[in-house]
Amino acid sequence: CQFLADVLGVPVDRPEVTETTALGAAALAALGTGRFASLPELAGQWRCERRFEPSAGSQE
43 CQFLADVLGV PVDRPEVTET TALGAAALAA LGTGRFASLP ELAGQWRCER
93 RFEPSAGSQE
């Protein structure tokens, strides 16, 4: 994640749950069955474990 932040020059957030493929499938199923009323409500469940900021010298 730090490498991405350095190369892109933007902060990168790492989610608490890193198995994002399975989580995405489960999230869409929950949305489709009415567990969540909207995509913004579902997105509110996302949690950041750590934020990586671009390193000062990485943009040169």
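Offset between the sequence shown (1-based) and the numbering used here: plus 42.
We treat Cβ as the ideally placed atom computed from N, Cα and C, and that holds for glycine.
Its Cα nearest to that of residue 60, the residue 91 stands out among 84, 91, 74, 96. Between residue 54 and residue 94, the CB-CB gap stays under 7 Å.
The residues 54, in chain order, have a CB closer than 6 Å to that of residue 46 in the same chain once the five nearest residues on each side in sequence are set aside.
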